[in-house]
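Comments concern the structure below.
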Amino acid sequence: VLGLPVLVWSALRGPVGAAADPGRVASSTSPAPSPSSPSPAVPTPAGSPATDWRSVLVGLDALRHRALVAGSSALLAEAVDPRGTAWAGDAALADRVRRTGARLDGGAVVVSAVDLVSSGTDRVLLRVEDRRAAYAVTADGTTTHVPARAGRTWVVTLVRGSAGWRIGDVRAAAGPTGQ
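Following my numbering, the numbering of the sequence shown begins with 519 at its first residue and continues without gaps.
Set out below in structure tokens:
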């Protein structure tokens with residue numbers, strides 16, 4: 519959920535190859551839902567045995583990735599809570615992509631594990647393990663190629679609003695695969 523903004527931001531403002539490891543990109547290796555697909559933000563009660571948190575997160579990640587690629591803050595608001603800490607960086611990146619006409623190719627995330635840490639009526643805490651595929655950022659006729667990122671572990675907070683679940687906060691988890 520984090521990271522693509524760091525690298526793309528660097529690629530859009532800095533020299534080619536100047537970006538560091540971008541961390542977590544929000545997408546999946548599963549085919550992204552089509553724009554006409556229903557939002558992954560289904561209003562299932564937190565902690566319900568029927569809630570497949572991996573599917574919810576993968577859907578939100580795919581929607582977030584499409585929003586960033588499109589440079590659309592409106593689409594981004596369907597995946598990321600504008601009141602959450604994850605919003606500022608993502609919204610700035612979507613705006614930068616839109617204003618510069620940058621093109622983002624690749625960057626799929628492979629989610630290997632999602633564990634429920636805690637849940638409440640309107641907030642869920644997940645421990646997520648993933649890795650990211652390589653991607654390219656093209657802006658002003660220059661393409662920056664970004665290598666794949668090895669597996670990392672994140673703590674992701676999902677928050678529920680009137681339209682369903684959204685990404686509220688993402689931070690690297692403590693431990694050997696987090697940073």
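By construction, the Cβ of each residue, glycine as well, lies at the ideal position given by its N, Cα and C atoms.
C-beta atoms of T569 and D687 nearer than 8 Å: Working through the sequence shown from its first residue, we reach residue 569 at position 51. Working through the sequence shown from its first residue, we reach residue 687 at position 169. Result no, Cβ atoms of T569 and D687 do not sit closer than 8 Å.
When you compare the CB positions of V673 and R645, do they come within less than 8 Å of one another, or not? Residue 673 sits at position 155 when you count from the first residue of the sequence shown. Residue 645 sits at position 127 when you count from the first residue of the sequence shown. Yes.
**Message:** Quick check on R689: does DSSP put it in helix, strand or coil?
**Reply:** Your numbering for residue 689 matches position 171 in the sequence shown. In the three-state scheme derived from DSSP, where H, G and I count as helix and E and B as strand, R689 is classed as strand.
### Query
Opposite T675 in the DSSP bridges: which residues?
Taking the sequence shown and counting its residues from 1, the one referred to as residue 675 is at position 157. In the DSSP output, where bridge partners are listed per residue, T675 has L643 and D687.
Just verifying my parser: in three-state terms, what is the DSSP assignment at A609? Position 91 of the sequence shown holds residue 609. Assignment of A609 by DSSP, reduced to helix, strand and coil, places it in the helix class.
Q) Is the region 614-633 touching the region 583-590 in the sense that three or more CB pairs, one from each, lie closer than 8 Å? A) In short, these stretches touch, since the Cβ pair count reaches three.
field: Residue environment, A610, which counts as buried when at least 16 other CB atoms sit within 10 Å
entry: For the purposes of this step, residue 610 is identified with residue 92 of the sequence shown, where counting begins at 1. Classification for A610: exposed.
Item to complete: Name the residue from D613, V627 and V615 whose alpha carbon lies nearest to the alpha carbon of R572.
Response: Here the question's residue 572 lines up with position 54 in the sequence shown. Of the listed residues, the one whose Cα sits closest to R572 is V627.
For this session: Would you kindly report the start and end of the unbroken alpha helix (DSSP H) that includes D579?
Result: Reading the sequence shown from its first residue, position 61 is the one you call residue 579. Unbroken alpha helix (DSSP H) run through D579: W571 to A588.
- Query: Beta carbon of L676, beta carbon of V574: below 8 Å?
  - Reply: For the purposes of this step, residue 676 is taken as the residue at position 158 of the sequence shown. For the purposes of this step, residue 574 is taken as the residue at position 56 of the sequence shown. In this structure, V574 lies closer than 8 Å to L676 by Cβ.
Go to S637, then tell me how far its alpha helix (DSSP H) extends in each direction, as first and last residue.
Along the sequence shown, read from residue 1 onward, the residue named residue 637 stands at position 119. First-last for S637: V627 to S637, but that is the beta strand (DSSP E), not the alpha helix (DSSP H).
**Q.** Selected residue, minimal CA-CA separation from A666, among V642, R649, G679 and T660
**A.** The residue labelled residue 666 in the question sits at position 148 within the sequence shown. The option with the nearest alpha carbon to A666 is R649.
inquiry  = Using only the alpha-carbon positions, how far apart do A657 and L594 sit?
reply    = On the sequence shown, residue 657 is found 139 positions in, with the first residue counted as 1. On the sequence shown, residue 594 is found 76 positions in, with the first residue counted as 1. Straight-line Cα distance between these residues: approximately 21 Å.
Three-state secondary structure assigned by DSSP to T603: As a working note, residue 603 is residue 85 in the sequence shown. Coil, per DSSP.
Which word fits R531, buried or exposed, when buried means at least 16 other C-beta atoms lie within 10 angstroms of its C-beta? Taking the sequence shown and counting its residues from 1, the one referred to as residue 531 is at position 13. Interpretation of R531 is limited by its pLDDT of 39, a score under 50 that renders its predicted location unreliable; the figure taken from the coordinates is listed afterwards. Here R531 is exposed. Its C-beta has fewer than 16 other C-beta atoms within 10 Å.
(request) For my contact list, A691 and T671 are in at a C-beta cut-off of 8 Å; report their separation, rounded to the angstrom. (result) In the sequence shown, counting from the first residue as 1, residue 691 sits at position 173. In the sequence shown, counting from the first residue as 1, residue 671 sits at position 153. Yes, A691 and T671 are in contact; Cβ-Cβ is about 4 Å, under 8 Å.
Notebook entry, point to check: According to DSSP, which residues form a beta bridge with V664?
Noted result: For this step, residue 664 is matched to residue 146 along the sequence shown. According to DSSP, which records beta bridges pairwise, V664 is partnered with Y653.
Between which residues of its own chain and R616 is the CB-CB distance below 6 Å, once the five residues before and five after are set aside? The residue labelled residue 616 in the question sits at position 98 within the sequence shown. If we look at R616 and ignore the five residues flanking it on each side, its Cβ neighbours are G589.
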